[in-house]
Every structure is written in structure tokens, then in C-alpha cells.
Amino acid sequence: MSAALPTVPVLHSEWLKIRSLRGTFGALIAVFVATAGTQALASAAVGQAEAGALGEDPLLGAFYGINFGQIAAFTFGASALAAEFHNGALRTTLTSVPNRTRFYLSKIAMVGALAFLVGQVTGLLTFVLGQVFMGRYALSLGDPGALRAVFGSGVYLTLMALFAAGLTAVLRSAAIVLSVLIPFVVMAPFIIGQAAGGAAEFLPDQAGQLVLRLESTGRLGPWSGLGVLALWAAAALAAGWLAVRRRDA
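When we follow the numbering used here, the leftmost residue of the sequence shown carries the number 355, and every step to the right adds one.
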């Protein structure tokens, strides 16, 4: 109990940091705007044109906007950690919180909690707002897989934010992390998928987005795919923890 209590002020201070950094807080809000906004625009533009206008899988098409929202999630996770590595901020933080593990876990917990909260709201509103424009092709929350996809989309965005946060703790630069992750997510599935006979399904975005599909056709299912993404995020976070513990501030 005594060990847990001092963590509460650390969590509060991490919340204050995120809220006061306009770029970081703006990226968090952008997760919702980019995902739900893009989905609504896409559905309004082509949703009623014909069945399958947003893809062969109607459930995955209902979350088309997540392809843009995940970029904002990367930016949020990366910028939240990168702020500690500018202008001696980490030295100041460690003066207040000498225990590096406590500092790091508190930072990651706050990033994860905020991303999960925004992600769940985003998932629900993305689905609902998008289906408003789909007319007779609209899905409902009672359709097979819909609730799983709504919840899973929020988890997906959370894990993507944590993945970026862990890598930023290692590389100490949001710009470098984003310049690696964005092409990795956009291009790698096509390159690796063609060169390695379907290994692309184990990449973070490909595996994680299986939770948004009506049916899985590969070796992974909705939850096991999300589990693969969780392993990517956990590996990045573990590497980040080692970097924070071992490197000079």
C-alpha cells in the first residue's frame, strides 16, 4: 500500500504534462477527429453507391478511418515520450521521481489510459457516424462482430500508441519514430507479404486489424491477431524501459 500511494502524484503529474503540451494533447484529440471524421466523410461520399463500396468486408469498411487515426495514435504516443528528452526535461523529472521504473511505468500507464479512453469513444462514434450515411447497406451494433470490432478498435489504437511510445523511449526522437513507423505500416505489408508468403499477417497493423474483420482467412483470428499486436507493443515497451533505466538522462 505504501509503495502504491506515491505513484498517484506521479500519475497526476504525467497527466498535467500531457494536458499542457499542445502538440501531444492535440494528437490525442486527433485520434478521434481523424478516425471518425474520415469514416463519416468516406461513408457520405460512397457509402450508398453500392454494396461493398468501402471494401469487400463491410465490417472492416465500417472502420476505414482507423487507417488515418492510427497515425494520430503514433503521434500521441511518440510525442508524449519525446517531450522528456528535450531541454533536460528528463533530468528535472528524475529529480522529482528518482525511481526510473516508477517514472516510466507511470508515463506509459497514463499514455495507455488516455489512449484507451479516447479509443473506445472513437471506436463507437466511428461505427455509428459512419453507418448513418450507409442507407440500406448500414450495419447495426447488433450485427455479428460489430461490438467486438468497436471494442477492438479502441484497443488497437491504444496498442499502436504504446508501440510508438516504447520505440520513442529507445530512440529519444518522435520524428525518427514516426519516420520509421508510418512507412512501416503503409508499405511493409505489401513488400513482406509478396516476398515472404503471407508473413505480413504478423505485422502490427495487419494482425491488429483482424479484430475489425467479419471473418479471418489466415492463421490468426480476431483476438489472436490483436494479441500479436500486443506482443509488438510489449516488446517496444520493454526495450524502452531498459533504455530509460540504463542511459544517462
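Ideal placement from N, C-alpha and C gives every residue a C-beta, glycine not left out. Note that the structure is a prediction, hence the values are computed from the model and not measured.
- For the pair of segments examined, the stretch 514 to 524 was found to touch the stretch 584 to 600: the number of CB pairs separated by less than 8 angstroms reaches three.
- Taking the CA atoms as reference points, Leu-564 sits about 23 angstroms from Leu-468.
- In the DSSP assignment, His-440 falls outside any alpha helix (DSSP H) and carries neither an H nor an E.
- DSSP places Met-464 within a helical segment (H, G or I) once states are collapsed to three.
- Within the same chain, Ala-523, Val-524 come within 7 angstroms of Ala-597 by CB-CB distance, once the 5 residues on both sides are set aside.
- Asn-453 has its alpha-carbon roughly 26 angstroms from the corresponding atom of Thr-429.
- Inter-residue distance for Val-582 and Ala-515 is about 15 angstroms (C-alpha atoms, whole angstroms).
- Under the Cβ criterion (8 angstroms, minimum of three pairs), the stretch 374 to 383 does not count as touching the stretch 495 to 509.
- Judged by DSSP in its simplified three-state form, Ala-584 adopts helix.
- With fewer than 16 neighbouring CB atoms inside 10 Å of its own CB, Leu-471 falls in the exposed class.
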